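Residue numbers (the numbering used here): 3 to 521. All residues carry an ideal CB built from backbone N, CA and C; glycine is no exception. Just so you know, these numbers come straight off a predicted model, no measurement behind them.
Written out as structure tokens, the structure reads:
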């Protein structure tokens, strides 16, 4: 948002009149924007400080956040409210306000931590923006129920809520963030206080929809317990890791002092913003629709930048205690989205951020493996090797994780033509029975195509066929396809060697014939 010179003067004047004590605006900037006024503006008098603050906010794209914070801090100041309303209305008519762009792409909000009663509380602003009023859509709307392919967000009443504007504010705030094909509706006069009720409500209102998000909660004078329940079609989710993230609890439990109702509201809105963005991205990813992958990636990146802003390179990381596991899951999902778009460097950074928040040892090792595999793809082998070694040396690993590390490292060694080291890693997987079928499958491939040991390759393939019929068939089909695409000279060399093996090992004749069969 940019102001015209005369409008900037009006804003300067009204802020000075509303804050005769500069200490009050300093505290507000610290709490709401996470900034120190002296650090960002300087100036010898109050007028200079406020003028430079406005300029700074315009440059950083945080002017709307500054104005919102001031408006909420002085709700009874009629002149201030009227000035802000006129400025924002004028700017909107001139297309100078683009809340999505200002908030999502330019604004990097700091996270301010304040001790309040129990634990840590996130104090943030920027969720609510001024926009033209839109009538609330009722979830019983018949036209809405005829759109089974779009994601629906249901906002019912919260049990025990005394603030009649809370759910409406939540609905209006979320509208500024969500993709165009996601619809928010209100289920009025129906309180939902727990996950099971939210799940039932989603199925009752939209039984044909693949994905429905339902916000739920119960509130009293001091606390709020709630979350965002996601109803999904099991048949639409093919990735086991995504299924785990969908079913993992994402409860919100906020304890606040009774003198901080506005802070409570802002925290609730910000966490809802985060959970909804995360679960929309999760739904897009699980549906495996390529056209939605990039949109999911941007949606999730924007919300994580606003509330966490994990900067891996210089290790500036904010310690978050609320929803720490879901933050870890969100960064992990973001890495998966970047991988889908073949943006391997950003995927690595996302996995690093997830690792910082993740507490489960197996999932931490998986994140290291994902980084290693991306480093291998980028041919940054030293970094990949270091991470592979960390995972392999970790005695707390389960067999699946250790097997994946050894196999991935073996593939990297084969790529580097270090075949003896690749054989050693795969031999460990096979002999220790960490994942014998997987080890045999990869070793047979390396022996057949990379490090010519065709006798060993057929031996491995034969053993694989005895213990896993599906992997056997898949491998034969793949090898057959690869062999037939070789140039004539290489093709004849492979055919000649395999025919010799048939003569000395008649028990493999059928298997070799399948490999050489032209389809």
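Neighbour-count burial assignment, residue i, 16 or more Cβ in a 10 Å radius
| i | result |
| --- | --- |
| residue 211 | buried |
| residue 142 | exposed |
| residue 144 | exposed |
| residue 437 | buried |
| residue 80 | exposed |
| residue 330 | buried |
| residue 486 | exposed |
| residue 67 | buried |
| residue 231 | buried |
| residue 292 | exposed |
| residue 299 | buried |
| residue 509 | exposed |
| residue 8 | exposed |
| residue 338 | buried |
| residue 25 | exposed |
| residue 301 | buried |
| residue 358 | buried |
| residue 5 | buried |
| residue 222 | exposed |
| residue 120 | With a pLDDT of only 27 at residue 120, under 50, the local geometry of the prediction cannot be trusted, and no value is derived from it. |
| residue 167 | exposed |
| residue 501 | exposed |
| residue 401 | exposed |
| residue 380 | exposed |
| residue 462 | buried |
| residue 468 | exposed |
| residue 268 | buried |
| residue 376 | buried |
| residue 206 | exposed |
| residue 233 | buried |
| residue 89 | buried |
| residue 341 | buried |
| residue 322 | Here the model assigns residue 322 a pLDDT of 43, short of 50, so the residue's position is not dependable and the matter cannot be decided. |
| residue 360 | buried |
| residue 288 | buried |
| residue 198 | exposed |
Which residues DSSP lists as bridging residue i, in chain order
| i | result |
| --- | --- |
| residue 214 | 154 and 233 |
| residue 346 | Bridge partners of residue 346: none, in fact. |
| residue 159 | 193 |
| residue 184 | 153 |
| residue 140 | 188 |
Whole-Å CB distance - residue i paired with residue j, under 8 Å assumed
| i | j | result |
| --- | --- | --- |
| residue 159 | residue 200 | With a Cβ gap of about 12 Å, residue 159 and residue 200 do not count as contacting. |
| residue 470 | residue 490 | About 33 Å; that fails the 8 Å criterion. |
| residue 398 | residue 363 | 5 Å |
| residue 162 | residue 275 | Not quite, the Cβ-Cβ distance comes to about 22 Å (not below 8 Å), so this is no contact. |
| residue 525 | residue 178 | Absent from the structure is residue 525, since the part of the chain shown begins at 3 and ends at 521. |
| residue 481 | residue 517 | 6 Å |
| residue 180 | residue 282 | 7 Å |
| residue 52 | residue 10 | With 8 Å as the limit, residue 52 and residue 10 do not qualify as a contact, their Cβ atoms being about 11 Å apart. |
| residue 312 | residue 333 | 7 Å |
| residue 370 | residue 336 | Wrong, their Cβ atoms sit about 17 Å apart, outside the cutoff. |
| residue 35 | residue 64 | 6 Å |
| residue 472 | residue 466 | Not really, about 10 Å apart at Cβ, beyond 8 Å. |
Own chain partners of residue i with C-beta closer than 7 Å, once the 5 adjacent residues on each side are dropped
| i | result |
| --- | --- |
| residue 76 | 20 and 82 |
| residue 208 | 147, 154 and 214 |
| residue 394 | 404, 407 and 408 |
| residue 367 | 393, 396, 399 and 403 |
| residue 576 | The structure shown does not extend to residue 576, since the chain is modelled only from 3 to 521, so the question has no answer here. |
| residue 424 | 412, 415, 416 and 448 |
| residue 386 | 374, 377, 378 and 414 |
| residue 38 | 32 |
| residue 86 | 69 and 73 |
| residue 451 | 484 |
Sequence-distant residues of the same chain with beta carbon closer than 8 Å to residue i, five excluded per side
| i | result |
| --- | --- |
| residue 49 | 14 and 18 |
| residue 139 | 146, 185, 186, 187 and 188 |
| residue 449 | 455, 456, 458, 459 and 462 |
Contacts around residue i, its chain only, beta-carbon distance under 6 Å, and the 5 residues preceding and following it disregarded
| i | result |
| --- | --- |
| residue 373 | 350, 353 and 389 |
| residue 499 | 456 |
| residue 22 | none |
| residue 446 | 459, 462 and 463 |
| residue 511 | 504 |
- Message: Under 8 Å: do the segment 16-32 and the segment 66-85 share three or more Cβ pairs, one atom per stretch?
- Response: Yes, the segment 16-32 is in contact with the segment 66-85.
- Evaluate the contact criterion for the segment 409-428 versus the segment 475-493: three or more CB pairs, one atom per stretch, below 8 Å. The segment 409-428 is not in contact with the segment 475-493.
- Query: Is the segment 336-351 close to the segment 390-410, with three or more CB pairs under 8 Å?
  - Reply: Three or more Cβ pairs closer than 8 Å define a contact, and the segment 336-351 falls short of that threshold against the segment 390-410.
- Query: So does the segment 446-455 actually touch the segment 502-510, counting three or more Cβ pairs closer than 8 Å?
  - Reply: no
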